[in-house]
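K.L.:
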C-alpha cells in the first residue's frame, strides 16, 4: 500500500474492522465508498460517502455514513474535519459512543487539550469501564506540560523547500550536507494521475542545494530512473553519498500494490537504474516495506513494515536487517521489540552514536505522530524518550534527520505555520547565552561603591576583570564576538577595593539548560587600618570562656574573612557587659582576655597563621550602650537586650602586611 510514502495513511489498518462489522444494509454508493476506504483511497471514499448520504432515506444508515466520513477524514489526518463529522454523527443519533473518544483524539491533534479532556470524560460517562479515556486524559495533561515547558530546541519552517502540497522526509545527499533529496507532490511530479488517497499528485523525489548564505536553490526532480508514475519517497544515503535507498510504491487506478525499498548507485549527479531489496517474507505484494535508515558502518538497516514477521506488534513495526559489503540485505529481518506498539512506528533515523529516532502514534505523545528517541544497548534500543515540544506538536511530526553530529537538522510536520500539507521544518539547538553583572556597595553606608575591582577566574582557564563604574556597576556579557561566561564552567569571583575587606563568590553554568544572566550585589565591609569589623555574637556560658558549638559557628565569619583576605592582621577583641564577675580576680578584663584567647586558639586550629591574630580582652571598657543609658530603660527586657549588645566580639584591623607562607 501507499502507506509507506505519505503519513496520511498511518491509521489505515486500524479502520477496517469498523466497516467489516457494520450490519447496516448498504446501497451501491456506500459499497463503493467502503471498497475505496479499504483500499486506502480515502479522498475518493469521502466523496462517495457524502453522495451515498444524500440519497439514503433511513436515519440510522445516514448516521453511519456521516460517521464514516469522519473516519475517512481521520485516516487522511484532517483532525478538524474529522471532529466536525463525528459531531454531526452524534447529532444524527449515531449509537456508538466511540465518537466521543475520537472527537477527543481529534481535539488533541489540534492542541485543544482541555476540550479533548472534556470529550474523554463524556466517553467515560458512556463507557465507564474503557481504560482508553483515562490514558488519553493523562496524555493530554502530559502534552500540555511539555508545551508549557519546551526543550531548548528552536524550529522554523524551511520555506524555500515547501509548497502548498506535501513536502517531507529530507535526506542529506552530499558529504558537506549542503544538498538534500526529499519527497514532494508538488506540480511537475512524474505522471498525470491523481492519487486517490489524498487527491494530490503522486510523490516524487526532488533535490535542492543551499549556498553559503543558506539559501536553497530551486528544487529539481530526480531523473526518470528514480521517479515513476507511482510514489517514491523517504530516501537515505550511505556515508559516502554513493548509494541512495528509498521507498517506492507502484499504484494503478484499481489495484493496490505494496511498497518496497530500492537502492540506486549515484555517480556525480546521475543515478543508476535502482534495484529492489529482497525483504519480503512471501509473495504477498500488498505488504508495505519502506523508510530505510542506515547505521554509520552501513552494516545494518532499520526499516518500517506491516509484515506479520515474528514479534510483530501490530500496525507498522520497525525491523532491522544486516547488510553485506555491497549494501544489500542478508539474513532475515528482526523485529525491534519494545520499540514497537500495536499502532504504527515509522520513519526511523540512526545517528552516528547508534541512537534511534523514529515516529510513533502508539507511544504516549502530544497528539498525532510524535518523534521519539531510544538509546542503543547491545542489539536493542532502550530508554525510550519523547522529543517533546517544540520538536513535537499536537499535529503529526516525523521524519527527523540530523546534520552529522550536530544538534540541528530537519523533520516533517503538518502543524500550523507551514506552507501546505506536510512541510519540512528545520530544527537547531541555540547556544546557551550567559552573562554576569551586578553592583558593589559600601556595606556601612549602603551606597554604590565605584572603583572596586571585580576579578573572575573560570575553571576553563579564563581570567578577566573590571572596575566598577560611578554607580558601582560592572558587566561581563559580550567580549567582542565572544562571551565572557561560557557553558559548563564554574567561575570564582573576587570583589575588592583598598580599605575594604574582599568579598568572594562563585557562579556556575554547569548543568544549566537555559540562558541565564547572573545578577549580583556585593557589599564590601570598610576595613581601613584601625577600623573595626563586628562579628555575630559569640555565645558563652555565664562566667565561662570555653567555646560552645554555637560560639564556633559564630566565628565562621571571622575565619572566612581571614581566608578571603590573606594579608590581613587583626586584633580579635572580646567585650563584656558592665556587670561584675566574681569568678576572676581580674574581673571582666581577665574574662574577656580568656575568651579572646579561646577564639584565637580556635582559628589557629582551623589553620590561620598565629602571626595574624592578636587576642585582646577589652572587658567593659568600650560599651556600645553605657550603664547610664541602660539604667534609664523602662523594662528588664530592654536592659538585657542592651547588655547583650555590649557583649560582643569584633576584629580590629592592624595591617594588611602579612606575607602568606608559600605552599
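In our numbering, the protein residues as written are 14 to 676. Glycine included, C-beta positions come from ideal geometry on N, C-alpha and C. If you're wondering where the values come from, they're calculated on a predicted model, not measured in any experiment.
#1: Checking 8 Å against the spacing of the C-beta atoms, do residue 221 and residue 290 come in under that value?
#2: Using a threshold of 8 Å, state whether the C-beta atoms of residue 440 and residue 166 are closer than that.
#3: For residue 152, name the three-state secondary structure that DSSP assigns.
#4: What does a CB cutoff of less than 7 Å around residue 388 pick up in its chain, not counting 5 residues either side in sequence?
#5: State yes or no: is the C-beta of residue 287 nearer than 7 Å to some heavy atom of the ligand GDP?
#6: If distances are taken between C-alpha atoms only, which option among 205, 536 and 236 comes closest to residue 459?
#7: Pick helix, strand or coil for residue 67, following the three-state DSSP scheme.
#8: Measuring alpha carbon to alpha carbon, tell me which residue in 152, 114 and 380 is nearest residue 138.
#9: Out of 435, 601, 558 and 622, which one is the CA nearest neighbour of residue 181?
#10: If I follow the unbroken beta strand (DSSP E) through residue 304, where does it start and stop?
#11: In this structure, how does DSSP classify residue 405 when only helix, strand and coil are distinguished?
#12: I'd like to confirm the pairing. Which residues does DSSP put opposite residue 275 in its beta bridges?
#13: Which stretch, first to last residue, makes up the beta strand (DSSP E) that contains residue 454?
#14: Assign residue 186 to buried or exposed, taking buried as 16 or more other Cβ atoms, counted over all protein chains shown, within 10 Å of its Cβ.
#15: Select from 49, 472 and 599 the residue whose C-alpha is nearest the C-alpha of residue 523.
#16: Nearest to residue 665 by CA position, among 517, 516 and 543, is which residue?
#17: With DSSP collapsed to three states, give me the class of residue 47.
#18: Between residue 99 and residue 85, what straight-line distance do the alpha-carbon atoms span, to the nearest angstrom?
#19: Spatial neighbours of residue 213 within its chain, please: CB distance less than 8 Å, with the 5 preceding and 5 following residues excluded, ordered by chain position.
#20: How about residue 218 and residue 240: do their beta carbons lie closer than 8 Å?
#21: Of all Cβ atoms in chain C, is any one closer than 8 Å to the Cβ of residue 225?
#22: Going straight from the alpha carbon of residue 625 to that of residue 529, what length do you get?
#23: With DSSP run on the structure shown, which of helix, strand or coil describes residue 600?
#24: Start and end of the alpha helix (DSSP H) containing residue 569?
#25: For a quick check, are the C-beta atoms of residue 417 and residue 57 less than 8 Å apart?
#26: So, using beta-carbon positions, are residue 215 and residue 242 closer together than 8 Å?
#27: Contact between the segment 572-580 and the segment 512-520: three or more CB pairs below 8 Å?
#28: Round the Cβ separation of residue 457 and residue 508 to the nearest angstrom and send it over; I've been treating them as touching at under 8 Å.
#29: In chain order, what residues of the same chain lie with their CB nearer than 8 Å to the CB of residue 286, ignoring the 5 residues before and after it?
#30: Leaving out five residues before and five after residue 470 in sequence, what residues of the same chain have Cβ atoms less than 6 Å from its Cβ?
#31: Using the rule of at least 16 other Cβ atoms within 10 Å of the residue's Cβ for burial, across every protein chain shown, is residue 120 buried or exposed?
#32: Expressed to the nearest angstrom, what Euclidean distance is found between the alpha-carbon atoms of residue 466 and residue 668?
#33: Take residue 8 and list the residues in its own chain whose beta-carbon comes closer than 6 Å to its own, dropping the five residues that flank it on each side.
#34: Let me know the beta strand (DSSP E) ranges lying completely inside the segment 490-544, each 3 residues or longer, listed in chain order.
#35: Just to confirm the assignment: which complete alpha helix (DSSP H) runs, minimum length 4, are found wholly within the segment 180-210?
#36: For residue 294, name the three-state secondary structure that DSSP assigns.
P.N.:
Reading off the structure:
#1: Going by beta carbons, residue 221 and residue 290 fall outside the 8 Å limit.
#2: Yes; because the gap between Cβ atoms is below 8 Å, this pair is in contact.
#3: Here residue 152 sits in helix by DSSP.
#4: The answer, listed in chain order, is 368, 394, 395 and 396.
#5: In terms of ligand content, the structure shown is empty, and the ligand GDP therefore cannot be addressed.
#6: The residue with the shortest Cα to Cα distance from residue 459 is 536.
#7: Note: residue 67 maps to helix in three-state DSSP.
#8: Its Cα nearest to that of residue 138, the residue 114 stands out among 152, 114 and 380.
#9: Answer by Cα proximity: 435.
#10: Where residue 304 is concerned, the enclosing beta strand (DSSP E) starts and stops at 302-307.
#11: In the three-state reduction of the DSSP assignment, residue 405 falls in the coil class, being assigned neither a helical nor a strand state.
#12: Residue 275 pairs with 259 and 289.
#13: Counting along the chain, the beta strand (DSSP E) containing residue 454 begins and ends at 447-455.
#14: Buried, by the Cβ-count rule.
#15: Ranked by Cα distance from residue 523, the first of 49, 472 and 599 is 472.
#16: The shortest C-alpha separation from residue 665 is found at 543.
#17: Residue state for residue 47 is assigned as helix, using DSSP reduced to three classes.
#18: So the two alpha carbons sit approximately 11 Å from each other.
#19: Once the five neighbours on either side are set aside, the close Cβ partners of residue 213 are 178, 179, 198, 207 and 434.
#20: For the 8 Å CB-CB criterion, residue 218 and residue 240 form a contact.
#21: The chain inventory of the structure shown lacks chain C, comprising one protein chain alone.
#22: Whole-angstrom Cα-Cα distance: 40 Å.
#23: Under the three-state reduction of DSSP output, residue 600 falls in the helix class.
#24: Taken as a continuous stretch (DSSP letters only), the alpha helix (DSSP H) holding residue 569 covers 569-577.
#25: In terms of Cβ geometry, residue 417 and residue 57 do not form a close pair [threshold 8 Å].
#26: Taking 8 Å as the Cβ cut-off, residue 215 and residue 242 qualify as a contacting pair.
#27: Contact between the segment 572-580 and the segment 512-520 is present, because at least three Cβ pairs lie under 8 Å.
#28: Wrong, their Cβ atoms sit about 15 Å apart, outside the cutoff.
#29: Cβ within range, chain order: 238 and 277.
#30: Around residue 470, the same chain offers 476 and 505 as residues with beta carbons nearer than 6 Å, after the five sequence neighbours per side are excluded.
#31: By the neighbour-count rule (16 or more Cβ atoms within 10 Å), residue 120 is buried.
#32: Going by the C-alpha atoms only, they are around 20 Å apart.
#33: This structure gives no information on residue 8, because the portion of the chain shown stretches from 14 to 676.
#34: Counting only runs of 3 or more, we get 503-509, 516-521 and 529-537.
#35: For the segment 180-210, not a single whole alpha helix (DSSP H) run of length 4 or above is found.
#36: Three-state DSSP puts residue 294 in coil, outside helix and strand.
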